[in-house]
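Accompanying notes for the structure given below.
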Amino acid sequence: MSTTEINEIEELANREYKYGFVTDIESETIPIGLSEDTVKLISQKKEEPAWMLEWRLKAFRNWKKMAYPKWPNVNYPEIDFQSISYYSAPKQKKQLNSLDEVDPELLRAFQKLGIPLEEQKILSGVAVDAVFDSVSVATTFKSKLNEMGIIFCSMSEAIKEHPDLVRKYIGSVVPQGDNFYAALNSAVFSDGSFVYVPKGVRCPMELSTYFRINAANTGQFERTLIVADEGSYVSYLEGCTAPQRDENQLHAAIVELVAMDNAQIKYSTIQNWYAGDKSGKGGIYNFVTKRGICKGVNSKISWTQVETGSAITWKYPSCILQGENSVGEFYSVAITNNHQQADTGTKMIHIGKNTKSTIVSKGISAGVSNNTYRGLVKINRKAQNSRNYSQCDSLLIGDKCGAHTFPYLEVNNPTAIIEHEATTSKIGEDQIFYLNQRGLSTEDAVSMIVNGYCKEVFKELPMEFAVEATKLLSLSLEGSVG
Amino acid sequence: MDKSLEFKEKLSSGFDSLEASLNGGSKLPLHEIRKNSLKFFLEANYPTLKDEEWKYTNLTGLLDLNFEFPDNKSSLLIESELEEFLSEREKYYNLVFINGVFSPESSDLIKFNGIIVSDLKFAVRNYYNLIEPHLGKIINPEFTIFTALNSAYINEGVFIHAHKNKVLDRPVRIVYFNNSDRNYIYQPRNLFLLEENSQVKVIEVYASSNESTYFTNSVTEGLVEDRAILEHVKLQQESKSAFHITATDISVKKEAQYHAYNVAFGSILTRNDINARFAGEHSEITLNGLFLGSGKQLIDNHTLIDHAVPHCRSHQLYKGVLNGLSRGVFNGKVMVRKDAQKTNAFQENKTILMSDDARIDTKPQLEIFADDVKCTHGATIGRLNEDSIFYLRSRGFGLELARTTLINAFATDAVHTITIDDIRNQIEEMIAANLSS
Numbered sequence: 000m001s002t003t004e005i006n007e008i009e010e011l012a013n014r015e016y017k018y019g020f021v022t023d024i025e026s027e028t029i030p031i032g033l034s035e036d037t038v039k040l041i042s043q044k045k046e047e048p049a050w051m052l053e054w055r056l057k058a059f060r061n062w063k064k065m066a067y068p069k070w071p072n073v074n075y076p077e078i079d080f081q082s083i084s085y086y087s088a089p090k091q092k093k094q095l096n097s098l099d100e101v102d103p104e105l106l107r108a109f110q111k112l113g114i115p116l117e118e119q120k121i122l123s124g125v126a127v128d129a130v131f132d133s134v135s136v137a138t139t140f141k142s143k144l145n146e147m148g149i150i151f152c153s154m155s156e157a158i159k160e161h162p163d164l165v166r167k168y169i170g171s172v173v174p175q176g177d178n179f180y181a182a183l184n185s186a187v188f189s190d191g192s193f194v195y196v197p198k199g200v201r202c203p204m205e206l207s208t209y210f211r212i213n214a215a216n217t218g219q220f221e222r223t224l225i226v227a228d229e230g231s232y233v234s235y236l237e238g239c240t241a242p243q244r245d246e247n248q249l250h251a252a253i254v255e256l257v258a259m260d261n262a263q264i265k266y267s268t269i270q271n272w273y274a275g276d277k278s279g280k281g282g283i284y285n286f287v288t289k290r291g292i293c294k295g296v297n298s299k300i301s302w303t304q305v306e307t308g309s310a311i312t313w314k315y316p317s318c319i320l321q322g323e324n325s326v327g328e329f330y331s332v333a334i335t336n337n338h339q340q341a342d343t344g345t346k347m348i349h350i351g352k353n354t355k356s357t358i359v360s361k362g363i364s365a366g367v368s369n370n371t372y373r374g375l376v377k378i379n380r381k382a383q384n385s386r387n388y389s390q391c392d393s394l395l396i397g398d399k400c401g402a403h404t405f406p407y408l409e410v411n412n413p414t415a416i417i418e419h420e421a422t423t424s425k426i427g428e429d430q431i432f433y434l435n436q437r438g439l440s441t442e443d444a445v446s447m448i449v450n451g452y453c454k455e456v457f458k459e460l461p462m463e464f465a466v467e468a469t470k471l472l473s474l475s476l477e478g479s480v481g
Numbered sequence: 000m001d002k003s004l005e006f007k008e009k010l011s012s013g014f015d016s017l018e019a020s021l022n023g024g025s026k027l028p029l030h031e032i033r034k035n036s037l038k039f040f041l042e043a044n045y046p047t048l049k050d051e052e053w054k055y056t057n058l059t060g061l062l063d064l065n066f067e068f069p070d071n072k073s074s075l076l077i078e079s080e081l082e083e084f085l086s087e088r089e090k091y092y093n094l095v096f097i098n099g100v101f102s103p104e105s106s107d108l109i110k111f112n113g114i115i116v117s118d119l120k121f122a123v124r125n126y127y128n129l130i131e132p133h134l135g136k137i138i139n140p141e142f143t144i145f146t147a148l149n150s151a152y153i154n155e156g157v158f159i160h161a162h163k164n165k166v167l168d169r170p171v172r173i174v175y176f177n178n179s180d181r182n183y184i185y186q187p188r189n190l191f192l193l194e195e196n197s198q199v200k201v202i203e204v205y206a207s208s209n210e211s212t213y214f215t216n217s218v219t220e221g222l223v224e225d226r227a228i229l230e231h232v233k234l235q236q237e238s239k240s241a242f243h244i245t246a247t248d249i250s251v252k253k254e255a256q257y258h259a260y261n262v263a264f265g266s267i268l269t270r271n272d273i274n275a276r277f278a279g280e281h282s283e284i285t286l287n288g289l290f291l292g293s294g295k296q297l298i299d300n301h302t303l304i305d306h307a308v309p310h311c312r313s314h315q316l317y318k319g320v321l322n323g324l325s326r327g328v329f330n331g332k333v334m335v336r337k338d339a340q341k342t343n344a345f346q347e348n349k350t351i352l353m354s355d356d357a358r359i360d361t362k363p364q365l366e367i368f369a370d371d372v373k374c375t376h377g378a379t380i381g382r383l384n385e386d387s388i389f390y391l392r393s394r395g396f397g398l399e400l401a402r403t404t405l406i407n408a409f410a411t412d413a414v415h416t417i418t419i420d421d422i423r424n425q426i427e428e429m430i431a432a433n434l435s436s
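Chains as they are written, first to last, in numbering that gives the first Met the number 0: chain A, 0 to 481; chain B, 0 to 436.
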């Protein structure tokens, strides 16, 4: 590559994070520190019933007994959990009925992010439950969903209005003591989304939540619970951007999915939180527990994720395939650049007969980043005729980054058929040359090749998301060629 | 008392008598390695399922054994028992160890034309200047608690040294043979040194005439210098109640080749750690393996290929056939370091589960820090293809014959590149015999 090209690329690489700004909204933040009192205060502020507080306290007691996890292939200074404020809510007293009542400053922030609520309402038919910091501020299309019996609301609202459902399913997939960060989340979770799709209902639109971390020094502890009753279908989108920060911010969310007989849940994520600057300063710690259970027969859970942001991404969206003939899918693109680190993958636990799972993971590392795939396929003794196909490809751009693959295959049934394949490669000079001679700049050529490489995953995304993902991909790879 | 403390106490009790038997040997620097290793062995934690490296291998069975250390009197030879393992003597240079002790009567001690093949005790007395720079230096004695244990008792074993440009005309066959019914612990230590341009073939056989319970804890080190070629076949036919734990560490220099074949039939618990390191460019490493499990056997293979330099090729193929309640573990790691560009690494693990209670835990890993590399790994687990069985049956094969034919074909894949014809044929026969029983 010529020096001018390299200069150009460097220039692009030096570009500041596009979505980095701080919205000036008064937020109500509780003092830093974590104790039983903090948990009680959060529960009290959210006007929760007694059982919820008990549940949180149990999680907190579990958490206190747990050891700080050190096994993932990522490096970061140990987090001081006493220096984090566990609750931050934009100040607003009254319930809102329409967008007009929302703080105009907040609405402008969404517009800057390219999420015009009104426009989306009209044009794309997406109902948006926007979570600004920790409390839902605007929920649209609610009445439309209401007519079909679909519940789509914030977790705090669900705890108040649908306590029976929440109580039945919360923690049923990710128990309070599941892991260190899940226990922490269970104790202090601020808000999140709750979806219930009743029997036989096909949710007519993509449900979507935009998370956004705003106030400085607030860990965000979201909790999402989606229950798809018999024969229902729901597709849920989650997408994130965050303002620029110097201090690392912790994000420890939990997502639980429950699919009953013949139900299908499709969960798509685009994660583009602030990844830190070029020297690796700042950026979000994204430690998430995502797990779904295919409880009923013929049920299906599909995870699709595009991970481009965060200083550290550490998550394993998993499927427990309990019902007979159930299907689990995991499609992932994880891109790391500069000093980013990712340790991500999935777990497919085959319990029921004739269960199937597919894993397609594409890792792209550039700069001095490290990208790890870590996955488990476990076939239980009773899981007759189960089937798994895994493919993990890594692409390395530059000679200072790392790509790692740690698949675990545990098979205890002779009728299972398991295939695992992994490759590591780089973008061929001949491929770039071919595109160059057809008039594409090297930057565009790389972007095009990488997009082709990720196509298998992108085609699983809903339309609007796929477009966004393609854009994000080229943005994240800017400056990585050379 | 804590069982692992008891275990350490029992296994350190033989040290003093070893020290006394060394005469002047305890003044050599080698003895420092022994003493330091013993210290590490006593301090290190006994592995449990909580250790990532031992996640699937439960070692508590070893703690219950009442170990005895073999001495010169334990070597009681019954020629007829050995015949099976020393067939066609004249085709090999044979080194025989009976119940842990070298047996000069049944062995060929050679030194000619720049090649030394001898037992380690003899070599320490006569070729110490050749041994000193390498023994206990290629492998880290503190690699695992068992490597440390072996290093504390370095005494019996085999030393092979090939001078520059020398090619050994026959393969070396090492037989570690047990015919005792006592709970002996055998700790053979092998050192293979191949100077530039030399070529050596080695076959290690671990065998027993009975089904008694004993513990083999062996360590093999090797250095393959520029353009040298080492072929290393390990045939493990221990008693079905024995414990077999080994560690191998081979360093491969420029344009050199190391080809290892690790075949396991016996033992109740097998654990092999095979580490091979590229220390020079344009070299080649093959680590192949085959394990046939039945009954309650557990066969655990850990491999590590360290691509520390550019332009090297590595090839790994591990095949397993598991029957009864047997368990297999495969943990293969390919490490490509930062400057190891143009690396070509291939790794594959295929396992067939024959019974409802057989189980395999496999973890093929890639750790890559260089971009211009071709690295692939694959793992498949399944049963015999119904269509293939049907095809053979339609051509007049009985069900059993169809199955054994297919498994035979599947299994021999991992060993068909062995260049020593007799051994390859012997392994193929053993596979067939093992399957039909």
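Beta carbons are placed, not taken as given, at the ideal position from N, Cα and C, and that holds for glycine.
As a quick exercise: from Glu195(B), Pro140(B), Ser207(B), pick the residue whose alpha carbon is nearest that of leucine 81(B).
Taking the second sequence and counting its residues from 1, the one referred to as residue 81(B) is at position 82. Ranking Glu195(B), Pro140(B), Ser207(B) by Cα distance to leucine 81(B) puts Ser207(B) first.
Check whether the Cβ of aspartate 355(B) lies closer than 9 Å to any Cβ atom in chain A.
Along the second sequence, one-based indexing puts residue 355(B) at 356. Closer than 9 Å to some Cβ of chain A, the Cβ of aspartate 355(B) qualifies, so yes.
Local Cβ density within 10 Å of tyrosine 75(A), reported as buried at 16 or more and exposed below that:
Here the question's residue 75(A) lines up with position 76 in the first sequence. Looking at its Cβ environment, which holds fewer than 16 other Cβ atoms inside 10 Å, tyrosine 75(A) is exposed.
Please tell me whether serine 189(A) and leucine 206(A) are closer than 9 Å, where the distance is taken between their beta carbons.
Here residue 189(A) corresponds to residue number 190 of the first sequence, with the count starting at 1. Here residue 206(A) corresponds to residue number 207 of the first sequence, with the count starting at 1. Contact flag unset, no.
Compare the C-beta of glutamate 442(A) against all C-beta atoms of chain B and say whether one is closer than 9 Å.
As a first step, residue 442(A) is located in the first sequence; it is residue number 443 there, counting from the start. Chain B, which has no Cβ nearer than 9 Å to the Cβ of glutamate 442(A), makes this no.
Can the beta-carbon of tyrosine 494(A) be found closer than 9 Å to that of leucine 439(A)?
Look at the range of chain A in this structure, 0 to 481, and you will see that residue 494(A) is not part of it.
Reduced DSSP secondary structure (H/G/I, E/B, other) of methionine 347(A):
To locate residue 347(A), count along the first sequence from 1; it is residue 348. Methionine 347(A) falls in the strand class under three-state DSSP.
Determine whether the Cβ of lysine 373(B) lies closer than 9 Å to any Cβ atom of chain A.
In the second sequence, residue 373(B) corresponds to position 374, counting from 1. True, the Cβ-Cβ gap to chain A drops below 9 Å.
Who are the Cβ neighbours of tyrosine 183(B) in its own chain at under 8 Å, not counting the five residues just before and after it?
Within the second sequence, residue 183(B) is the residue found at index 184, counting from 1. Excluding positions up to five away in sequence, the list reads Phe66, Glu67, Phe68, Pro69, Ser73, Asn98, Gly99, Asn177, Tyr213, Phe214.
Which of helix, strand or coil DSSP assigns to valine 331(A)
The count along the first sequence starts at 1 and reaches residue 331(A) at position 332. It should be pointed out that residue 331(A) corresponds to serine in this sequence rather than to valine. In the structure shown, serine 331(A) sits in a strand (DSSP, three-state: E or B).
Give every residue of the same chain whose Cβ lies closer than 7 Å to the Cβ of glycine 282(A), excluding the five residues on either side of it in the sequence, and list them in chain order.
For the purposes of this step, residue 282(A) is taken as residue 283 along the first sequence, with counting starting at 1. For glycine 282(A), where only same-chain residues beyond five positions count, the Cβ hits under 7 Å are Asn247, Tyr273, Ala274, Gly275, Ser309, Ala310.
So for isoleucine 78(A), helix, strand or coil by DSSP?
For the purposes of this step, residue 78(A) is identified with residue 79 of the first sequence, where counting begins at 1. Three-state DSSP puts isoleucine 78(A) in coil, outside helix and strand.
For tryptophan 313(A), report the span of its beta strand (DSSP E) as first-last.
Against the first sequence, residue 313(A) aligns to sequence position 314. Where tryptophan 313(A) is concerned, the enclosing beta strand (DSSP E) stretches over 311-314.
Consider the Cβ of lysine 337(B): report whether some Cβ of chain A lies at a distance smaller than 9 Å.
In the second sequence, residue 337(B) corresponds to position 338, counting from 1. Yes - at least one Cβ of chain A is within 9 Å of the one on lysine 337(B).
Interface residues of chain A facing histidine 310(B) [CB-CB closer than 7 Å]
To locate residue 310(B), count along the second sequence from 1; it is residue 311. In chain order: nothing, as chain A lies at least about 15 Å away.
Whole runs of the beta strand (DSSP E) within the segment 380-450 of chain A, excluding any shorter than 3 residues
386-396, 401-410, 416-425
Would you check if there are 3 or more beta carbon pairs closer than 8 Å linking the segment 221-234 of chain B to the segment 193-203 of chain B?
yes
Segment contact, 8 Å Cβ cut-off, at least three pairs: the segment 121-141 of chain B with the segment 8-18 of chain B
no
Counting pairs of beta carbons, one from the segment 360-380 of chain B and one from the segment 280-294 of chain B, are three or more of them closer than 8 Å?
no
If you drop the 5 nearest sequence neighbours on each side, which residues of the same chain put their C-beta closer than 8 Å to that of aspartate 305(B)?
The count along the second sequence starts at 1 and reaches residue 305(B) at position 306. Within the same chain, aspartate 305(B) has close Cβ partners Asn274, Ala275, Arg276, Phe277, Met334, Arg336.
With H, G and I counted as helix, E and B as strand and the rest as coil, what does DSSP make of leucine 289(B)?
One-based indexing of the second sequence puts residue 289(B) at position 290. Leucine 289(B) falls in the strand class under three-state DSSP.
Cβ neighbour criterion (16 or more within 10 Å) applied to tryptophan 62(A):
Residue mapping note: residue 62(A) aligns to position 63 of the first sequence, counting from 1. Buried, since its Cβ has 16 or more Cβ neighbours within 10 Å.
CB-CB length for threonine 143(B) against alanine 246(B), believed under 8 Å
Within the second sequence, residue 143(B) is the residue found at index 144, counting from 1. Within the second sequence, residue 246(B) is the residue found at index 247, counting from 1. Contact flag correct, Cβ pair sits at about 7 Å.
Taking 9 Å as the threshold (beta carbon to beta carbon), is serine 135(A) in contact with chain B?
On the first sequence, position 136 is the one that residue 135(A) refers to. With a pLDDT of 44 at serine 135(A), under the threshold of 50, the modelled position of this residue cannot be trusted; read the value that follows with caution. Judged by the 9 Å Cβ criterion, serine 135(A) is not in contact with chain B.
What residue range is occupied by the uninterrupted beta strand (DSSP E) comprising phenylalanine 66(B)?
Here residue 66(B) refers to the residue found at position 67 of the second sequence. Phenylalanine 66(B) -> no beta strand (DSSP E), and no H or E assigned at all.
Check the Cβ of proline 363(B) against every Cβ in chain A and list those closer than 8 Å, keeping chain order.
Locating residue 363(B) in the second sequence gives position 364, counting from the first residue. Thr404, Pro406, His419, Ala421, listed in chain order.
Valine 49(A) CB to nearest chain B CB: under 9 Å?
Against the first sequence, residue 49(A) aligns to sequence position 50. The question names valine, but residue 49(A) in the sequence shown is alanine. No, its Cβ sits nowhere closer than 9 Å to a Cβ of chain B.
Partner residues on chain A for leucine 352(B), Cβ-Cβ distance less than 9 Å
Position 353 of the second sequence holds residue 352(B). What leucine 352(B) touches in chain A: Val410, Asn411, Asn412, Pro413, Thr414, Ala415.
Less than 9 Å separating the beta-carbons of glycine 397(A) and asparagine 370(A)?
Counting from one through the first sequence, the residue named residue 397(A) turns up at place 398. Counting from one through the first sequence, the residue named residue 370(A) turns up at place 371. Not in contact: glycine 397(A) and asparagine 370(A) (Cβ atoms no closer than 9 Å).
Residues near leucine 437(B) in its chain [Cβ-Cβ closer than 8 Å; skip 5 each side]
Past the boundaries of the shown model lies residue 437(B); chain B is included only from 0 to 436, so the question cannot be answered.
Hey, how far is the Cα of asparagine 145(A) from the Cα of glutamate 160(A)?
One-based indexing of the first sequence puts residue 145(A) at position 146. One-based indexing of the first sequence puts residue 160(A) at position 161. One C-alpha to the other measures close to 13 Å.
Using a C-beta cutoff of 9 Å, does lysine 198(A) count as contacting chain B?
In the first sequence, the residue the question calls residue 198(A) occupies position 199. Not closer than 9 Å to any Cβ of chain B, the Cβ of lysine 198(A) fails to qualify, so no.
Pair every Cβ in the segment 313-332 of chain A with every Cβ in the segment 354-363 of chain A, then say whether three or more of these pairs are closer than 8 Å.
yes
Taking the C-alpha atoms as reference points, what is the distance between serine 238(B) and lysine 57(A)?
Here residue 238(B) refers to the residue found at position 239 when the second sequence is read from its first residue. Here residue 57(A) refers to the residue found at position 58 when the first sequence is read from its first residue. Cα-Cα distance, rounded: 52 Å.
In the DSSP assignment, find the alpha helix (DSSP H) that holds proline 28(B) and state where it starts and stops.
Here residue 28(B) corresponds to residue number 29 of the second sequence, with the count starting at 1. Note, proline 28(B): alpha helix (DSSP H), 28-42.
Where DSSP assigns a beta bridge to methionine 334(B), which residues make up the other side?
Reading the second sequence from its first residue, position 335 is the one you call residue 334(B). In the DSSP output, where bridge partners are listed per residue, methionine 334(B) has Asp305(B), Glu366(B).
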